[in-house]
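Chemist: Numbering (my numbering), first residue to last: 121 to 327. Every residue gets a Cβ at the ideal spot worked out from N, C-alpha and C, and that includes glycine. These numbers were taken from a predicted model, which means no experiment stands behind them. Can you read through this structure? Questions will come right after.
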(Lines of atoms letter the chains of each structure in order from A and count residues from 1; the text may use other names and numbers.)
(Lines give C-alpha, C1' and ligand atoms only; values in the text may rest on other atoms or scores of the structure.)
Protein backbone atom coordinates (compact mmCIF):
# COMPACT_ATOMS: atom_id res chain seq x y z
CA UNK A 1 0.00 0.00 0.00
CA UNK A 2 2.76 2.42 0.94
CA UNK A 3 4.38 1.96 -2.45
CA UNK A 4 1.32 3.47 -4.14
CA UNK A 5 1.20 6.54 -1.90
CA UNK A 6 2.56 9.89 -3.02
CA UNK A 7 5.09 11.45 -0.71
CA UNK A 8 6.79 14.81 -0.35
CA UNK A 9 9.70 16.09 1.67
CA UNK A 10 9.07 19.04 3.96
CA UNK A 11 11.43 22.00 4.40
CA UNK A 12 12.72 20.29 7.54
CA UNK A 13 13.58 17.15 5.57
CA UNK A 14 10.76 15.03 6.98
CA UNK A 15 8.97 12.70 4.58
CA UNK A 16 5.18 12.65 4.73
CA UNK A 17 2.61 10.79 2.67
CA UNK A 18 0.07 12.69 0.61
CA UNK A 19 -3.40 11.58 -0.29
CA UNK A 20 -3.94 10.91 -3.99
CA UNK A 21 -7.21 12.36 -5.31
CA UNK A 22 -8.74 11.98 -8.76
CA UNK A 23 -11.03 14.59 -10.29
CA UNK A 24 -13.29 13.34 -13.06
CA UNK A 25 -14.82 16.23 -14.98
CA UNK A 26 -17.73 16.02 -17.39
CA UNK A 27 -21.33 16.95 -18.06
CA UNK A 28 -22.78 13.69 -16.60
CA UNK A 29 -25.96 14.34 -18.53
CA UNK A 30 -27.03 11.96 -16.95
CA UNK A 31 -24.45 9.79 -15.13
CA UNK A 32 -24.17 6.12 -16.15
CA UNK A 33 -22.64 2.94 -14.82
CA UNK A 34 -19.70 3.64 -17.14
CA UNK A 35 -18.85 6.80 -15.19
CA UNK A 36 -18.96 4.84 -11.96
CA UNK A 37 -16.79 2.07 -13.43
CA UNK A 38 -14.15 4.61 -14.48
CA UNK A 39 -14.05 6.05 -10.95
CA UNK A 40 -13.75 2.58 -9.40
CA UNK A 41 -10.99 1.56 -11.80
CA UNK A 42 -9.07 4.74 -11.03
CA UNK A 43 -9.27 3.95 -7.32
CA UNK A 44 -8.12 0.37 -7.76
CA UNK A 45 -5.61 0.51 -10.60
CA UNK A 46 -4.02 3.92 -10.04
CA UNK A 47 -4.20 3.60 -6.26
CA UNK A 48 -6.16 6.78 -5.60
CA UNK A 49 -7.55 7.46 -2.15
CA UNK A 50 -10.67 9.18 -3.46
CA UNK A 51 -12.33 10.15 -6.74
CA UNK A 52 -14.53 13.21 -7.16
CA UNK A 53 -17.01 13.65 -9.98
CA UNK A 54 -16.76 17.29 -11.13
CA UNK A 55 -19.84 18.29 -13.16
CA UNK A 56 -19.53 21.28 -15.48
CA UNK A 57 -21.70 24.32 -14.88
CA UNK A 58 -24.57 25.69 -16.94
CA UNK A 59 -22.23 27.82 -19.07
CA UNK A 60 -20.80 24.70 -20.70
CA UNK A 61 -21.72 24.69 -24.38
CA UNK A 62 -23.47 21.37 -25.00
CA UNK A 63 -26.87 20.58 -26.56
CA UNK A 64 -29.64 19.32 -24.27
CA UNK A 65 -27.62 20.06 -21.14
CA UNK A 66 -29.73 19.69 -18.02
CA UNK A 67 -29.48 22.30 -15.29
CA UNK A 68 -26.42 21.87 -13.08
CA UNK A 69 -28.57 21.28 -9.98
CA UNK A 70 -30.11 18.18 -11.57
CA UNK A 71 -26.80 16.78 -12.78
CA UNK A 72 -25.27 17.39 -9.35
CA UNK A 73 -28.21 15.70 -7.61
CA UNK A 74 -28.04 12.69 -9.92
CA UNK A 75 -24.32 12.30 -9.22
CA UNK A 76 -25.00 12.46 -5.48
CA UNK A 77 -27.50 9.62 -5.90
CA UNK A 78 -24.96 7.71 -7.97
CA UNK A 79 -22.43 7.93 -5.14
CA UNK A 80 -24.73 6.57 -2.43
CA UNK A 81 -23.25 3.36 -1.09
CA UNK A 82 -19.99 3.82 -3.01
CA UNK A 83 -16.74 3.96 -1.07
CA UNK A 84 -14.37 6.88 -1.67
CA UNK A 85 -16.39 8.34 -4.55
CA UNK A 86 -17.89 11.81 -4.04
CA UNK A 87 -19.09 14.88 -5.95
CA UNK A 88 -17.25 18.22 -6.11
CA UNK A 89 -19.34 21.28 -7.07
CA UNK A 90 -16.41 23.63 -7.69
CA UNK A 91 -17.51 24.44 -11.27
CA UNK A 92 -21.13 25.15 -10.36
CA UNK A 93 -22.84 28.40 -9.49
CA UNK A 94 -20.84 30.65 -11.80
CA UNK A 95 -21.72 32.33 -15.08
CA UNK A 96 -18.16 32.31 -16.34
CA UNK A 97 -17.25 29.78 -19.01
CA UNK A 98 -14.52 27.71 -17.41
CA UNK A 99 -11.80 26.14 -19.52
CA UNK A 100 -10.16 22.88 -18.41
CA UNK A 101 -7.03 24.67 -17.21
CA UNK A 102 -9.14 27.08 -15.14
CA UNK A 103 -10.99 24.24 -13.42
CA UNK A 104 -7.76 22.37 -12.76
CA UNK A 105 -6.07 25.40 -11.22
CA UNK A 106 -9.16 26.07 -9.09
CA UNK A 107 -9.14 22.48 -7.83
CA UNK A 108 -5.41 22.59 -7.06
CA UNK A 109 -5.89 25.82 -5.11
CA UNK A 110 -8.56 24.15 -2.98
CA UNK A 111 -6.88 20.76 -2.55
CA UNK A 112 -3.37 21.89 -1.73
CA UNK A 113 -2.41 19.02 0.57
CA UNK A 114 -3.03 16.17 -1.89
CA UNK A 115 -1.49 14.90 -5.11
CA UNK A 116 -4.20 15.58 -7.66
CA UNK A 117 -4.95 13.63 -10.82
CA UNK A 118 -7.32 14.79 -13.54
CA UNK A 119 -9.37 12.10 -15.28
CA UNK A 120 -10.47 12.46 -18.90
CA UNK A 121 -11.52 10.28 -21.80
CA UNK A 122 -9.26 9.46 -24.73
CA UNK A 123 -11.62 11.40 -27.02
CA UNK A 124 -11.04 14.59 -25.02
CA UNK A 125 -7.34 13.85 -24.68
CA UNK A 126 -7.11 13.80 -28.48
CA UNK A 127 -8.54 17.34 -28.53
CA UNK A 128 -6.21 18.59 -25.79
CA UNK A 129 -3.64 20.21 -28.15
CA UNK A 130 -6.33 22.75 -29.14
CA UNK A 131 -7.12 23.72 -25.53
CA UNK A 132 -5.84 26.77 -23.66
CA UNK A 133 -2.40 26.19 -22.15
CA UNK A 134 -2.23 22.73 -23.69
CA UNK A 135 1.54 22.39 -23.22
CA UNK A 136 1.17 23.14 -19.51
CA UNK A 137 -1.65 20.58 -19.22
CA UNK A 138 0.47 17.91 -20.88
CA UNK A 139 3.63 18.57 -18.93
CA UNK A 140 2.75 20.05 -15.55
CA UNK A 141 -0.29 18.12 -14.33
CA UNK A 142 -1.06 14.50 -13.49
CA UNK A 143 -3.54 13.10 -15.99
CA UNK A 144 -5.44 9.81 -16.09
CA UNK A 145 -6.73 9.04 -19.57
CA UNK A 146 -9.30 6.30 -19.90
CA UNK A 147 -9.78 4.43 -23.16
CA UNK A 148 -12.88 2.62 -24.28
CA UNK A 149 -14.28 1.56 -27.62
CA UNK A 150 -12.40 2.83 -30.64
CA UNK A 151 -10.27 5.37 -28.79
CA UNK A 152 -6.72 4.38 -27.89
CA UNK A 153 -3.86 6.39 -26.38
CA UNK A 154 -0.17 5.69 -26.81
CA UNK A 155 2.00 8.11 -24.88
CA UNK A 156 5.02 7.64 -22.66
CA UNK A 157 5.03 10.39 -20.04
CA UNK A 158 5.49 9.89 -16.33
CA UNK A 159 2.66 12.27 -15.44
CA UNK A 160 0.10 10.54 -17.69
CA UNK A 161 -1.52 7.26 -16.68
CA UNK A 162 -3.61 5.15 -19.08
CA UNK A 163 -6.72 3.38 -17.80
CA UNK A 164 -8.38 0.83 -20.06
CA UNK A 165 -12.11 0.38 -19.49
CA UNK A 166 -13.80 -2.77 -20.77
CA UNK A 167 -16.96 -3.07 -18.66
CA UNK A 168 -19.83 -0.76 -19.67
CA UNK A 169 -17.69 0.65 -22.50
CA UNK A 170 -20.78 1.23 -24.67
CA UNK A 171 -22.86 2.85 -21.91
CA UNK A 172 -23.26 6.51 -22.83
CA UNK A 173 -25.40 9.36 -21.53
CA UNK A 174 -26.90 9.90 -24.98
CA UNK A 175 -28.52 6.47 -24.82
CA UNK A 176 -30.26 7.43 -21.57
CA UNK A 177 -31.44 10.74 -23.02
CA UNK A 178 -32.98 8.94 -25.98
CA UNK A 179 -34.68 6.40 -23.73
CA UNK A 180 -36.07 9.25 -21.63
CA UNK A 181 -37.65 10.79 -24.72
CA UNK A 182 -39.36 7.45 -25.34
CA UNK A 183 -40.33 7.09 -21.66
CA UNK A 184 -38.60 3.70 -21.51
CA UNK A 185 -37.71 4.02 -17.85
CA UNK A 186 -37.44 0.29 -17.18
CA UNK A 187 -34.83 -0.03 -19.92
CA UNK A 188 -32.91 2.94 -18.49
CA UNK A 189 -32.23 0.84 -15.41
CA UNK A 190 -29.72 -1.14 -17.45
CA UNK A 191 -27.51 1.91 -17.83
CA UNK A 192 -27.71 3.67 -14.48
CA UNK A 193 -28.90 3.24 -10.90
CA UNK A 194 -32.60 2.99 -10.11
CA UNK A 195 -32.36 6.08 -7.91
CA UNK A 196 -31.08 8.08 -10.89
CA UNK A 197 -33.87 6.76 -13.11
CA UNK A 198 -36.47 7.73 -10.49
CA UNK A 199 -34.94 11.20 -10.28
CA UNK A 200 -35.06 11.58 -14.05
CA UNK A 201 -38.74 10.58 -14.12
CA UNK A 202 -39.59 13.37 -11.69
CA UNK A 203 -37.14 16.11 -12.66
CA UNK A 204 -35.93 15.81 -16.26
CA UNK A 205 -36.54 19.13 -17.97
CA UNK A 206 -37.30 19.53 -21.65
CA UNK A 207 -34.84 21.86 -23.32
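When the Cα atoms are used, what is the spatial distance from residue 330 to residue 154?
Modeler: Nothing in the structure corresponds to residue 330, since the chain is present only between 121 and 327.
Chemist: Can you give me the start and stop residues for the alpha helix (DSSP H) that residue 317 sits inside?
Modeler: Locating residue 317 in the chain shown gives position 197, where the first residue counts as 1. For residue 317, the enclosing alpha helix (DSSP H) has its first and last residue at 314 to 323.
Chemist: Flag this pair as yes or no: are the beta carbons of residue 198 and residue 315 separated by less than 9 Å?
Modeler: For the purposes of this step, residue 198 is identified with residue 78 of the chain shown, where counting begins at 1. For the purposes of this step, residue 315 is identified with residue 195 of the chain shown, where counting begins at 1. Cβ distance < 9 Å, so residue 198 and residue 315 count as in contact.
Chemist: Do you know offhand how far residue 196's Cα is from residue 207's?
Modeler: One-based indexing of the chain shown puts residue 196 at position 76. One-based indexing of the chain shown puts residue 207 at position 87. Each residue's Cα considered, the two are about 6 Å apart.
Chemist: By the DSSP assignment, the alpha helix (DSSP H) with residue 308 in it spans what residues?
Modeler: Here residue 308 is taken as the residue at index 188 of the chain shown, counted from 1. Note, residue 308: alpha helix (DSSP H), 305 to 308.
Chemist: I want to know whether the segment 146 to 165 touches the segment 251 to 259 - three or more CB-CB distances under 8 Å.
Modeler: Taking a cut-off of 8 Å for Cβ pairs, the segment 146 to 165 and the segment 251 to 259 do not touch, as fewer than three such pairs fall below it.
Chemist: For residue 283, does the three-state DSSP call read helix, strand or coil?
Modeler: Taking the chain shown and counting its residues from 1, one reaches residue 283 at position 163. In this structure, DSSP gives residue 283 an extended state, which the three-state scheme calls strand.
Chemist: Based on DSSP bridge pairs, tell me the residues matched to residue 145.
Modeler: Along the chain shown, read from residue 1 onward, the residue named residue 145 stands at position 25. Beta-bridge partners of residue 145 (DSSP): 174.
Chemist: For the segment 305 to 314 against the segment 173 to 181, do three or more pairs of beta-carbon atoms, one drawn from each stretch, fall closer than 8 Å, so that the two count as touching?
Modeler: no
Chemist: Can you list, in chain order, the stretches of the beta strand (DSSP E) that have 3 or more residues and sit fully within the segment 150 to 218?
Modeler: 170 to 175 and 205 to 207
Chemist: Whole angstroms is fine: what's the gap from residue 224's alpha carbon to residue 326's?
Modeler: The sequence position of residue 224 within the chain shown is 104, counting from 1. The sequence position of residue 326 within the chain shown is 206, counting from 1. Answer to the nearest angstrom: the Cα atoms are 31 Å apart.
Chemist: Do residue 238 and residue 263 come within 9 Å of each other at the CB atom, strictly closer than that value?
Modeler: Looking up residue 263 in the chain shown gives position 143. Looking up residue 238 in the chain shown gives position 118. Yes, the pair counts as a contact, with Cβ atoms nearer than the cut-off.
Chemist: Just reading off the beta strand (DSSP E) that residue 265 is part of, what are its end residues?
Modeler: In the chain shown, residue 265 corresponds to position 145, counting from 1. Start and end: 262 to 267.
Chemist: On a CA-only basis, which of 162, 289 and 267 is nearest residue 243? Give me that one, please.
Modeler: In the chain shown, counting from the first residue as 1, residue 243 sits at position 123. Nearest option by C-alpha distance: 267.
Chemist: Could you round the C-beta distance between residue 168 and residue 146 to whole angstroms and report it? I think they count as a contact, below 8 Å.
Modeler: Taking the chain shown and counting its residues from 1, one reaches residue 168 at position 48. Taking the chain shown and counting its residues from 1, one reaches residue 146 at position 26. With a Cβ gap of about 17 Å, residue 168 and residue 146 do not count as contacting.
Chemist: Can you grab the Cα-Cα spacing for the pair residue 164 / residue 158, in whole Å?
Modeler: Counting from 1 along the chain shown, the entry for residue 164 is found at position 44. Counting from 1 along the chain shown, the entry for residue 158 is found at position 38. Those two C-alpha atoms are separated by around 10 Å.
Chemist: Could you spell out where the beta strand (DSSP E) holding residue 235 opens and where it closes?
Modeler: Along the chain shown, one-based indexing puts residue 235 at 115. Note, residue 235: beta strand (DSSP E), 234 to 241.
Chemist: What's the C-alpha gap between residue 278 and residue 228?
Modeler: For the purposes of this step, residue 278 is taken as the residue at position 158 of the chain shown. For the purposes of this step, residue 228 is taken as the residue at position 108 of the chain shown. Rounded to the nearest angstrom, the two C-alpha atoms are 19 Å apart.
Chemist: If I measure Cβ to Cβ from residue 301 and keep anything under 8 Å in the same chain, skipping five residues before and after, which residues do I get?
Modeler: Numbered from 1 along the chain shown, position 181 holds the residue referred to as residue 301. If we look at residue 301 and ignore the five residues flanking it on each side, it has no Cβ neighbours.
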